[in-house]
Amino acid sequence: MFGAPVAGTDHHDHPTAVAVRYPAALILDPRRLTGVVVKINARITKLNNLYLGKRVARGDLLAEMESAELETIQATYLGLFSNMEAVREVSMTGNEKLIDARMGLQWRGMSEEDIRMLERHREPLKRIRIQSPDAGFIYGLNVVNNQILNTGGQVGQYTATGTTIVTIARPGAIQVEASLPVRVTRKLRPGRRATVHVADARRGEIAIPAVVEQIFAFATPGNQRQRVRLKLGALPDGVALAAGLQTSVSLEEDGHGH
Numbered sequence: 000m001f002g003a004p005v006a007g008t009d010h011h012d013h014p015t016a017v018a019v020r021y022p023a024a025l026i027l028d029p030r031r032l033t034g035v036v037v038k039i040n041a042r043i044t045k046l047n048n049l050y051l052g053k054r055v056a057r058g059d060l061l062a063e064m065e066s067a068e069l070e071t072i073q074a075t076y077l078g079l080f081s082n083m084e085a086v087r088e089v090s091m092t093g094n095e096k097l098i099d100a101r102m103g104l105q106w107r108g109m110s111e112e113d114i115r116m117l118e119r120h121r122e123p124l125k126r127i128r129i130q131s132p133d134a135g136f137i138y139g140l141n142v143v144n145n146q147i148l149n150t151g152g153q154v155g156q157y158t159a160t161g162t163t164i165v166t167i168a169r170p171g172a173i174q175v176e177a178s179l180p181v182r183v184t185r186k187l188r189p190g191r192r193a194t195v196h197v198a199d200a201r202r203g204e205i206a207i208p209a210v211v212e213q214i215f216a217f218a219t220p221g222n223q224r225q226r227v228r229l230k231l232g233a234l235p236d237g238v239a240l241a242a243g244l245q246t247s248v249s250l251e252e253d254g255h256g257h
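Residue numbers for the sequence shown follow our numbering, beginning at 0 and rising by one.
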């Protein structure tokens, strides 16, 4: 399926030919990946049904964690927050200290909602929710339930490193590059509809809609083929696409929809 293009065979009772397929591969734009990084020593207490290929929206709950280190930092923040009037009386920089302490909580993974809850209840939160920073699909998953995370050394009030627990591929992160004969690319234009055929371990072959995005200028002299980049449409939930995966592409006839 992934070698030279093979045209379908016509049958008398099925006059429509199977579309010609051309070899292709999935490529990754690393600029469109977002890592979810835990920057404190913590334990993952719950993963919210995470799996490769799962589609997520911005703000979706990914996991929960607990951290004795963060509880201590929350308690320090509460001491400052609860005594701001007294702090302002003895320090001209009381507000700056509170803002800096609040930024420290955010940097360590607490959301605005978490911090407001902390301020209302005046008790450190035992479990911190980890939310998706972007919409897309889960490209990488590096933790399991109850895993202990050791984030590395300390630099000032922040850690020098962190642990990436989930990687989110934003829309457009996965693209397709196909190798097409020059006789085909001569008639090709950006926007032409196509179908990318991907092998999936659980579902067999999956057809994903795509459009031609770019036709590279030069052909390979040896085989007179030209590279064509395609943009994938909506991905089915649970389909894990990895860079380098070999696949195939078929083009729609001009002027016809799916």
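Even glycine gets a Cβ: it sits at the ideal position worked out from N, Cα and C.
Three or more Cβ pairs closer than 8 Å define a contact, and the region 217-231 meets that threshold against the region 167-178. Boundaries of the beta strand (DSSP E) around Val35: 32-37. When Leu25, Glu252, Asp59, Leu32 are compared, the shortest CA-CA separation from Leu244 is found for Leu25. DSSP, read as helix, strand or coil, puts Thr246 in strand.
Leaving aside the five residues that flank Asn144 on each side, the residues in its chain whose CB is nearer than 8 Å to its CB run, in chain order, Ile43, Thr44, Lys45, Leu46. Between the C-alpha atoms of Arg57 and Asp133 there is a straight-line separation of about 4 Å. Burial is judged here by how many other beta carbons sit within 10 angstroms of a residue's own beta carbon; Ala206 has fewer than 16 and is exposed. According to the DSSP secondary-structure assignment, Glu65 is paired through a beta bridge with Arg42. Assignment of beta-bridge partners to Ile214 by DSSP yields Val227. Within the DSSP secondary-structure output, Pro180 pairs in a beta bridge with Arg224. Taking a contact as a CB-CB distance under 8 Å, the pair Ser249 and Ala18 counts as one, their CB atoms being some 4 Å apart. Here DSSP, grouped into helix, strand and coil, assigns Arg115 to helix. Comparing alpha carbon positions, the residue from Gly135, Phe136, Ile114 closest to Arg126 is Ile114. Measuring C-alpha to C-alpha distances from Arg121 to each of Ser131, Leu79, Thr246 identifies Leu79 as the nearest. For Leu25, the enclosing beta strand (DSSP E) begins and ends at 20-27. In this structure, Thr163 lies away from Val55, with their beta-carbon atoms at least 8 Å apart. Closest by C-alpha distance to Gly161, out of Ala168, Leu148, Pro170, is Leu148.
Cβ atoms of Leu51 and Ala239 come within 8 Å of each other, at about 4 Å.
In this structure, the CA atom of Arg30 is about 31 Å from the CA atom of Arg185.
Under the DSSP assignment, Tyr138 falls in the beta strand (DSSP E) whose first and last residues are 135-140. Counting the other Cβ atoms within 10 Å of the Cβ of Gln225 gives 16 or more, which makes it buried. For Glu251, the secondary structure class from DSSP, reduced to helix, strand or coil, is coil.
Judged by beta-carbon spacing, Val210 lies within the 8 Å limit of Gly190, meaning their Cβ atoms are closer than that value. If you look at Val195, you'll find it in the beta strand (DSSP E) that goes 192-199.
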